[in-house]
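Visitor: The listed protein sequences correspond, in order, to chains X and E. At the far end of the first sequence sits residue 126, using my numbering, and the numbering has no gaps. At the far end of the second sequence sits residue 319, using my numbering, and the numbering has no gaps.
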Amino acid sequence: GEDVEQSLFLSVREGDSSVINCTYTDSSSTYLYWYKQEPGAGLQLLTYIFSNMDMKQDQRLTVLLNKKDKHLSLRIADTQTGDSAIYFCAESRYGGATNKLIFGTGTLLAVQP
Amino acid sequence: DTEVTQTPKHLVMGMTNKKSLKCEQHMGHRAMYWYKQKAKKPPELMFVYSYEKLSINESVPSRFSPECPNSSLLNLHLHALQPEDSALYLCASSQDGWQAQETQYFGPGTRLLVL
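1. With DSSP run on the structure shown, which of helix, strand or coil describes residue 14/X?
2. Rounding to the nearest angstrom, what Cα-Cα distance links residue 44/X and residue 216/E in this structure?
3. Closer than 7 angstroms between beta carbons: that is the criterion. Which residues of the region 17-50 of chain X meet it against chain E?
4. Would a check of beta-carbon distances place residue 14/X closer than 8 angstroms to chain E?
5. By the 10 Å Cβ neighbour count, where 16 or more other Cβ atoms means buried, how is residue 68/X classified, buried or exposed?
6. Could you give the residue range of the beta strand (DSSP E) that holds residue 236/E?
7. Does residue 94/X come out as helix, strand or coil in the three-state DSSP assignment?
8. What does the alpha-carbon distance come out to for the pair residue 119/X and residue 100/X?
9. Spell out whether any CB of chain X is found under 8 angstroms from the CB atom of residue 308/E.
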């Protein structure tokens, strides 16, 4: 199918690690992205990973990619209340003329103080 | 400057009104996008312009009419909308739509309510 799936909700305590999971569908996707959306705002790119990589680390963020299982995860270390938001994974697909992003269903991260 | 601006922030319109949403970027990007996002859902692609030409129309009803007057500006003209068209409309831009890796930069969106 076309859907990029994520779990709906994740609740963590401040200071803990958060792990947000994503299952994508197109094995030919070359780049996979993580975006953050705060309430009432647009989307902010957090990080991306090239499909020939297994892992990418960027400060508190670690992205893991299992290409065989088409599984992507985002780990946020030392989660803060300011990390509370909806997180979307996205895969890049060729749209016949230009590339387009297909977004996952989104995970609401709630960080408890 | 990685900013994409959108006006207005909020818009309320009746089903017989004609209105326009505007989007602007000054990053030198040649690809611009319109997305529709319903509450608690992911953004859904509507249109893509690359080099001021429409390259993707995701079977959007004709009551939505996009326009790209130049490489920095993108409009979405609205006419005879339905209440189910109420949503957050997001604009984005990227290098040119053709690169294997292109970051899309998003604006803050226009929240539209159709009565």
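Note that CB positions come from ideal geometry on N, CA and C, so glycine has one too.
Guide: Well, looking at it:
1. A caution first: residue 14/X carries a pLDDT of 41, below 50, which makes its placement in the model unreliable, though a value can still be read off. Coil at residue 14/X, not helix or strand.
2. 37 angstroms
3. 43, 44
4. Reliability fails at residue 14/X, whose pLDDT of 41 lies under 50, so the model's placement of it is uncertain and the value that follows must be treated cautiously. No, no contact with chain E.
5. exposed
6. 235-241
7. helix
8. 5 angstroms
9. yes
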